[in-house]
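Numbering (our numbering), first residue to last: 10 to 417.
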């Protein structure tokens, strides 16, 4: 096989995993973009409490999907599970505009969340096994830029169509269904998974994650994931409503969501580059520390909109990529036989934070305290994430491959 043909084949998995995460980012952020309109128009009887219920149940589905997907991918493979996950969330995203009540809206989001929760850890596991160990931090952060590109697309489309919110869900669902035939034809199974299935390593029990040498890392990663995803989902779900409550017009508040996620794309590229050179743990600690400072800064009322958007952009650079670096750590630290399970469980525990964050933030908004107390809350969460990741070991002793980025 020629080098050119090999390179061409290698582009498909990377591109398709990136598109998968982009679709997930689009679909998860879309609710935050439409909540102000749903509440102001009281569509299907939705008020702030109803919107909080919908957002919470959506993330419950995501958490369940993330918890279930790890053992499934380690048993049946990355490819088929990824395809099924995309099909599930695409179909139920298309159904959401047909919801006639809060209960039906929430049920559709709950089921779509099962597929959404399964997509990201599966795509990240696949990419971590597709590239060499020394590039895995970059692979994780590069793949996750898709999430925030999807969020940017959501914001741009929302600015174009709001108050007509239904096209946002139609676009996301149709895009997911259209990509499925291409993935079926072009996405091979992970070579690391196929190799692990041929050896006894495939039979490693789940309990191994809670035994030495993995116990310390597992607990730290779970706490860090909880805090990190709390920030990601709390901000993406409620930032427009918080800023609207601070006195900014709705179009400006949605623009801030756009700016936040543009900053996230830049931050992911920067974080991957830094982690592959300086080590994952030091960069995680720096990112969480800067996130805490910047989130606290957003509690201050800016008189200049340009300066405010600049502060939001820089906040996006550090807040979201810190979470992805935790995923990168997991892909470095665990062997292929349990890598999917380890990443899936880290994501699942993180999704509990993703549920808790919007719930608390929604309660603050409902009480009229979204601004500035929402940002105080987010800053405190970033500090807790910093403390958790400070305890993570730089490396984990294991008999399988050892990655240089862990020990640098």
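Glycine included, each C-beta is placed from N, C-alpha and C at the ideal position.
Source: prediction; values computed, not measured.
Following the DSSP letters along the chain, one finds residue 138 inside the alpha helix (DSSP H) bounded by residues 111 to 139. Note on residue 377: under 16 other CB atoms within 10 angstroms of its CB, so exposed under the neighbour-count rule. Residue environment: residue 183 is assigned as exposed (fewer than 16 neighbouring CB atoms within 10 Å of its CB, all protein chains considered).
DSSP places residue 322 within a helical segment (H, G or I) once states are collapsed to three. Taking C-alpha positions only, residue 251 is separated from residue 222 by approximately 43 Å. Judged by pairs of C-beta atoms under 8 Å, the segment 56 to 68 touches the segment 111 to 125, as three or more such pairs exist.
The beta carbons of residue 230 and residue 338 sit closer together than 8 Å.
Distances from the alpha-carbon of residue 75 to those of 30, 302 and 125 put 125 closest. DSSP places residue 301 inside the alpha helix (DSSP H), whose first and last residues are 289 to 306.
Per DSSP, residue 398 is one residue of the alpha helix (DSSP H) stretching across 379 to 399. When secondary structure is reduced to three states using DSSP, residue 180 falls in the helix class. Contact check between the segment 125 to 134 and the segment 341 to 352: three or more CB pairs, one atom from each, fall below 8 Å, which counts as touching.
Using a Cβ distance threshold of 8 Å, residue 159 and residue 35 count as a contacting pair. In this structure, the straight-line span from the alpha carbon of residue 365 to that of residue 60 is close to 14 Å. In the structure shown, residue 403 falls within a coil segment according to DSSP collapsed to helix, strand and coil. Note that the segment 172 to 180 does not touch the segment 89 to 98; fewer than 3 beta-carbon pairs, one per stretch, sit closer than 8 Å.
By the C-beta density criterion, residue 54 is exposed, having fewer than 16 other C-beta atoms within 10 angstroms. If you draw a straight line from the Cα of residue 146 to the Cα of residue 156, it comes to about 16 Å.
Approximately 19 Å separates the beta-carbon atoms of residue 227 and residue 239; this is outside 8 Å, ruling out the contact. Excluding residues up to 5 positions away in sequence, 320, 323, 324, 327 and 328 lie with their Cβ nearer than 8 Å to the Cβ of residue 303 in the same chain.
If you draw a straight line from the Cα of residue 284 to the Cα of residue 52, it comes to about 45 Å.
Comparing alpha-carbon positions, the option among 298, 345, 273 and 149 lying closest to residue 83 turns out to be 345. Exclusion of the five residues before and after residue 277 leaves 150, 151, 153, 154, 157, 329, 330 and 333 as the residues of its chain whose Cβ lies within less than 8 Å of its Cβ. Its Cα nearest to that of residue 348, the residue 86 stands out among 373, 100, 110 and 86.
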